[in-house]
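Working notes for the structure below.
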Amino acid sequence: MTHSTRIVSALALLLLAGCSSDSEQQATQLRPLAVKEQVSSIIKKDGGYVVNWAGVLTNSNPWHFGEHVVATVIAKDAAGKEVVRLEQPLDAVPPAGSLPFSGEVVAAERPSQVSIDYRPAEWRLAGRIVSAFQPFPISDVMTVRRDDGYLVVGYVGTPYRLPAGSLAVTALLRDRDGKLLGGGSTFVDNVRSDGTRRFVMHIESVQDTSKIAKAEVAARTWGSSSRPYEQLALGGSLPARVVKPTTPAFAKDRGRQGMVAEGEARQ
757 MTHSTRIVSA
767 LALLLLAGCS
777 SDSEQQATQL
787 RPLAVKEQVS
797 SIIKKDGGYV
807 VNWAGVLTNS
817 NPWHFGEHVV
827 ATVIAKDAAG
837 KEVVRLEQPL
847 DAVPPAGSLP
857 FSGEVVAAER
867 PSQVSIDYRP
877 AEWRLAGRIV
887 SAFQPFPISD
897 VMTVRRDDGY
907 LVVGYVGTPY
917 RLPAGSLAVT
927 ALLRDRDGKL
937 LGGGSTFVDN
947 VRSDGTRRFV
957 MHIESVQDTS
967 KIAKAEVAAR
977 TWGSSSRPYE
987 QLALGGSLPA
997 RVVKPTTPAF
1007 AKDRGRQGMV
1017 AEGEARQ
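Right, here's the structure in full:
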């Protein structure tokens, strides 16, 4: 090996060491996703026992998406035997944002306890600032309490120019004090800027629907990767809709009322 080759090799090793140390330092500085709240319930239904869970994960990192998060749901019977083990891939959590989620499964045997663990997120640097990742507007939400569950109906739109291929819509059900009781999710495809799409959720997982006071509905891009959200943000947002005022103009500029020139005040 020549002297120049040894120098190039040493520089390459130093560069790699510097890159790895920078990435390791960045990884240690990122905060893990936090479980803001979660709840689970078990209800006897025809054909088995419905195990439902709902929760909210938060991402306090302002520049990174949390990707490829997996929730592992384990239900055990009174003797400690596992009757349910399910891995649920969760959608990407946006920077400085949150992820409401829910899920359910039917168990043949009666569970007595449910636990949820989360696989640590993989971090991806966002291509835009936080304000570029706007929420998807929810409108005209209607709820109906039924003997066999709780119905949530509404419409979802998009603030982006590009169509959203698939959105996951989640409803979190809360009591009057804001306590989380359960939730449900559905999917809406091909949401375009020229209209809204209707969603319907029939949630059967809350044992006493009389305790439900409100449904908190949110939509997000579907998938464990941040790519769908990134593509929408890079495609640009729709301009703000400014509605022409219908009230007559003020007879006098209210911003100038009570203001007197300094010379006039001294006279």
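Just add 756 to wherever you are in the sequence shown, counting from 1, and you've got the working numbering.
Even glycine gets a Cβ: it sits at the ideal position worked out from N, Cα and C.
Cα-Cα separation between residue i and residue j, rounded to whole angstroms
i: residue 835; j: residue 991; result: 54 Å
i: residue 816; j: residue 823; result: 14 Å
i: residue 1024; j: residue 788; result: Summary: the structure shown does not reach residue 1024, with the chain confined to residues 757 through 1023, and so no result is reported for it.
i: residue 960; j: residue 1004; result: 51 Å
i: residue 808; j: residue 1002; result: 48 Å
i: residue 877; j: residue 898; result: 34 Å
i: residue 863; j: residue 946; result: 33 Å
i: residue 1059; j: residue 993; result: Nothing can be reported for residue 1059, as the shown portion of the chain is limited to 757 through 1023.
i: residue 868; j: residue 995; result: 52 Å
i: residue 795; j: residue 811; result: 6 Å
i: residue 744; j: residue 934; result: The structure shown has nothing for residue 744, since the chain only spans 757 to 1023.
i: residue 939; j: residue 902; result: 15 Å
i: residue 806; j: residue 785; result: 40 Å
Identity of the residue in the options nearest residue i by Cα
i: residue 813; options: 823, 793, 830 and 828; result: 793
i: residue 941; options: 819, 976, 868 and 837; result: 976
i: residue 893; options: 931, 862, 856 and 953; result: 953
i: residue 932; options: 910, 971 and 914; result: 971
i: residue 974; options: 937, 858 and 785; result: 858
i: residue 987; options: 884, 928 and 995; result: 884
i: residue 957; options: 804, 904, 917 and 982; result: 904
i: residue 841; options: 948, 896, 832 and 968; result: 832
i: residue 820; options: 869, 802 and 879; result: 879
i: residue 910; options: 921, 919, 896 and 920; result: 896
i: residue 919; options: 871, 795, 989 and 791; result: 989
i: residue 851; options: 929, 886 and 805; result: 886
i: residue 889; options: 803, 818 and 791; result: 818
i: residue 829; options: 917, 935 and 872; result: 872
i: residue 855; options: 995, 978, 994 and 993; result: 978
i: residue 1035; options: 993, 927 and 868; result: Outside the shown range of the chain (757 to 1023) lies residue 1035, about which nothing can therefore be said.
i: residue 966; options: 982, 937 and 981; result: 937
i: residue 849; options: 870, 882 and 839; result: 882
i: residue 837; options: 786, 870 and 951; result: 870
i: residue 980; options: 847, 929, 950 and 804; result: 847
i: residue 853; options: 950, 790, 929 and 804; result: 790
i: residue 804; options: 786, 950 and 839; result: 839
i: residue 950; options: 917, 785 and 806; result: 917
Sequence-distant residues of the same chain with beta carbon closer than 6 Å to residue i, five excluded per side
i: residue 826; result: 843, 845 and 875
i: residue 900; result: 907
i: residue 921; result: none
For residue i: DSSP bridge partner residues
i: residue 808; result: 797 and 860
i: residue 869; result: 832
i: residue 820; result: 881
i: residue 941; result: 926
i: residue 910; result: 955
i: residue 787; result: Looking at the DSSP assignment, residue 787 forms no beta bridge with any residue, so it has no partner.
i: residue 968; result: BP columns for residue 968 are empty, so no partner.
i: residue 855; result: 813
i: residue 977; result: 923
i: residue 874; result: 827
Close Cβ partners of residue i (< 7 Å) along its chain, the five nearest in sequence each way excluded
i: residue 963; result: 797 and 799
i: residue 944; result: 912, 923, 925, 953 and 955
i: residue 929; result: 906, 937, 938, 939, 959, 962, 968 and 971
Classification of residue i by the beta-carbon crowding that lies within 10 angstroms, buried from 16 upward
i: residue 984; result: buried
i: residue 866; result: exposed
i: residue 982; result: buried
8 Å CB neighbourhood of residue i in its chain, flanking five on each side removed
i: residue 891; result: 915, 974 and 975
C-beta neighbour in chain D for residue i, strict 8 Å
i: residue 851; result: Going by chain labels, chain D is absent from the structure shown, which holds only one protein chain.
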